[in-house]
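Chemist:
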Ligand SMILES: NC(=O)c1ccc[n+]([C@@H]2O[C@H](COP(=O)([O-])OP(=O)(O)OC[C@H]3O[C@@H](n4cnc5c(N)ncnc54)[C@H](O)[C@@H]3O)[C@@H](O)[C@H]2O)c1
Ligand SMILES: [Zn+2]
Ligand SMILES: [Zn+2]
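In this note's numbering, the protein residues as written are 6 to 396.
1. Distance check for residue 67 and residue 355, CA to CA, integer angstroms please.
2. Does the Cβ of residue 119 lie closer than 6 Å to at least one heavy atom of ligand 3?
3. Cutting at 7 Å between CB atoms, please list the residues of its own chain near residue 160, excluding the five before and the five after it.
4. At the level of alpha carbons, what is the spacing between residue 322 and residue 338?
5. Hey, quick one: how far does the alpha helix (DSSP H) through residue 28 stretch, first residue to last?
6. Quick one, what's near ligand 2 if you take every residue whose CB is closer than 5 Å to any heavy atom, in chain order?
7. Three or more C-beta pairs closer than 8 Å, one from the stretch 174-190 and one from the stretch 357-372: is that the case here?
8. Among all the DSSP beta bridges, which residues are the ones paired with residue 287?
9. Across which residues does DSSP place residue 67 in a beta bridge pair?
10. What did DSSP end up calling residue 277 once you bin it into helix, strand or coil?
11. Hey, would you say residue 391 sits closer than 7 Å to residue 368, going by beta carbons?
12. Quick check: what's the CA-CA separation for residue 420 versus residue 146?
13. In its own chain, which residues sit with a C-beta less than 8 Å from the C-beta of residue 393, not counting the 5 before and 5 after it?
14. Tell me whether the beta-carbon of residue 99 lies closer than 7 Å to the beta-carbon of residue 112.
15. Is it a yes or a no for the stretch 285-292 touching the stretch 221-240, going by three-plus beta-carbon pairs under 8 Å?
16. What residue from 333, 247, 154 and 349 has the CA that sits closest to residue 49's CA?
17. Between residue 250 and residue 276, is the Cβ-Cβ spacing less than 7 Å?
18. For the candidate residues 83, 129 and 243, whose alpha-carbon lies nearest to that of residue 269?
19. Using DSSP's beta-bridge definition, name the partner residues of residue 261.
20. Would you call the stretch 252-270 and the stretch 172-180 touching, i.e. three or more CB-CB distances under 8 Å?
21. To which residues does DSSP link residue 152 through a beta bridge?
22. Indicate the three-state DSSP secondary structure (helix, strand or coil) for residue 341 in the structure shown.
23. Could you tell me the alpha carbon to alpha carbon distance between residue 388 and residue 223, rounded to whole angstroms?
24. If you scan the stretch 157-211 from start to end, which runs of the alpha helix (DSSP H) of 4 or more residues do you find wholly inside it?
25. Using the DSSP secondary-structure output, state which residues sit across from residue 114 in a beta bridge.
26. Let me check you understand the geometry: is the CB of residue 384 closer than 6 Å to at least one non-hydrogen atom of ligand 1?
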């Protein structure tokens with residue numbers, strides 16, 4: 006990162022000019038700073054929304070494996086950071102020029118949205134947009150609306166949902182029906198979009214195709230839900246925790262394999278026993294080089310391995326290139342399920358409302374913001390399903 010934004014100066018001048026304009030707020034947030042994995046609940050200032058921005062009062066924030074990677078030092082981010090990127094809430098204030106949203110709207114936040122200007126966007130490939138600054142934890146104009154004693158604080162992936170309020174560009178807040186509960190809506194913003202999109206947008210799984218999913222946590226269970234809806238079968242869930250496998254069965258897995266202590270050969274034999282020749286698709290949803298590397302062995306000739314789990318920075322894998330090429334297999338990277346948020350979030354909310362995506366059943370724990378470290382500790386110990394912070 007080359008630029009160091011200061012706390013946003015527009016807030017004070019705007020408030021002085023128009024007393025009815027939204028004021029900056031002092032709110033509580035889960036802050037990551039230094040090398041400790043423990044978050045601290047601290048007060049931060051959240052500016053009024055600038056032009057094209059909205060301020061959101063959070064209703065819920067999911068606890069995603071990607072937040073855990075950051076806390077555990079797997080990836081480097083600007084600090085201090087407000088964690089959380091899987092959030093939903095209510096539009097509390099709108100900035101100048103925002104026409105598509107109004108105060109009181111219920112929204113899901115997205116950590117990736119198309120700029121509509123870069124080459125990829127102009128080609129219609131908005132899911133590989135290069136114009137968003139979300140991965141730098143900055144608003145598109147290079148600023149952050151969050152500060153502490155006039156020093157910048159960076160919202161993770163420009164969302165920062167582990168705070169009572171946040172400011173995002175209007176195009177990063179997708180309106181959804183008010184009858185979708187906030188905890189369900191929050192999950193649409195990462196795990197559901199990622200898992201469902203990996204199946205439907207990236208792998209384009211057709212009915213009757215076989216699939217194996219390694220890792221049945223928040224994201225893996227959404228992959229399984231997507232596979233079930235796409236008509237895949239058999240759907241083989243692989244995990245090291247029995248509780249995760251129990252949930253996998255509830256979401257449509259037809260076969261459950263506890264891989265604890267099993268070799269890749271042993272796992273491959275098991276998958277062949279179930280599928281005949283190996284799976285058409287394999288999805289890794291843990292983020293470990295070792296399990297990503299296992300995927301080609303589980304696939305049939307011409308099968309596709311989809312990397313959804315995100316490993317620590319600089320994690321190479323070993324691949325027998327001769328047999329990989331000769332087997333005609335494909336290795337596919339999957340980021341946010343190649344989601345187009347404005348198109349896909351309302352569709353996913355609709356599938357929840359009709360009962361086709363039972364997202365509410367993913368939620369196994371609800372916590373207050375003060376309990377955020379407990380939620381991460383439970384995730385590290387292999388707790389099943391998704392934990393959600395409710396505000
Ligand atoms: N590609 C993307 O756009 C994207 C989006 C969101 C999350 N992710 C990544 O997906 C991964 C999973 O996230 P999550 O929120 O589901 O995490 P999670 O902790 O909820 O799930 C991980 C699951 O893997 C299981 N597991 C752990 N070690 C295992 C092993 N050796 N073998 C089999 N199973 C094992 C755990 O029991 C758990 O069920 C993370 O790396 C996260 O960063 C990627
Ligand atoms: Zn996530
Ligand atoms: Zn773009």
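Glycine included, each C-beta is placed from N, C-alpha and C at the ideal position.
Modeler: By the coordinates alone:
1. By 1-based counting over the chain shown, the position of residue 355 is 350. By 1-based counting over the chain shown, the position of residue 67 is 62. Spanning the two alpha carbons is a distance of roughly 20 Å.
2. What you label residue 119 is simply residue 114 of the chain shown in a count that begins at 1. Yes.
3. Counting from 1 along the chain shown, the entry for residue 160 is found at position 155. Hits under 7 Å: 87, 142, 149, 151 and 171.
4. Locating residue 322 in the chain shown gives position 317, where the first residue counts as 1. Locating residue 338 in the chain shown gives position 333, where the first residue counts as 1. Distance between the alpha carbons of residue 322 and residue 338 is about 13 Å.
5. Numbered from 1 along the chain shown, position 23 holds the residue referred to as residue 28. It is not in any alpha helix (DSSP H) - residue 28 carries neither H nor E in the DSSP assignment.
6. 69, 71 and 195
7. yes
8. As a first step, residue 287 is located in the chain shown; it is residue number 282 there, counting from the start. DSSP, once it has assigned bridges, lists 217 and 310 as partnering residue 287.
9. As a working note, residue 67 is residue 62 in the chain shown. DSSP, once it has assigned bridges, lists 393 as partnering residue 67.
10. As a working mapping, residue 277 is identified with position 272 in the chain shown. It is helical.
11. For the purposes of this step, residue 391 is taken as residue 386 along the chain shown, with counting starting at 1. For the purposes of this step, residue 368 is taken as residue 363 along the chain shown, with counting starting at 1. The answer is yes: Cβ separation under 7 Å.
12. Any property of residue 420 remains undetermined from this structure, which presents the chain solely from 6 to 396.
13. In the chain shown, residue 393 corresponds to position 388, counting from 1. So the qualifying residues of the chain are 65, 66, 67, 68, 188, 191, 192, 368, 370, 371 and 372.
14. As a position in the chain shown, residue 99 is number 94, starting the count at 1. As a position in the chain shown, residue 112 is number 107, starting the count at 1. The answer is no: Cβ separation not under 7 Å.
15. yes
16. Reading the chain shown from its first residue, position 44 is the one you call residue 49. Considering only alpha carbons, the answer is 154.
17. Numbered from 1 along the chain shown, position 245 holds the residue referred to as residue 250. Numbered from 1 along the chain shown, position 271 holds the residue referred to as residue 276. No. Outside cutoff.
18. Residue mapping note: residue 269 aligns to position 264 of the chain shown, counting from 1. Per the Cα distances, 243.
19. In the chain shown, residue 261 corresponds to position 256, counting from 1. Paired residues: 242.
20. no
21. Within the chain shown, residue 152 is the residue found at index 147, counting from 1. 50 and 157.
22. Stepping through the chain shown from its first residue, residue 341 is reached at position 336. Helix, per DSSP.
23. Sequence index remark: in the chain shown, residue 388 carries index 383 (1-based). Sequence index remark: in the chain shown, residue 223 carries index 218 (1-based). So the two alpha carbons sit approximately 10 Å from each other.
24. 187-192 and 198-202
25. Start at 1 with the first residue of the chain shown, and residue 114 comes out as number 109. Looking at the DSSP assignment, residue 114 forms a beta bridge with 178.
26. Walking along the chain shown from the start, residue 384 turns up at place 379. Answer for residue 384: yes, Cβ within range of ligand 1.
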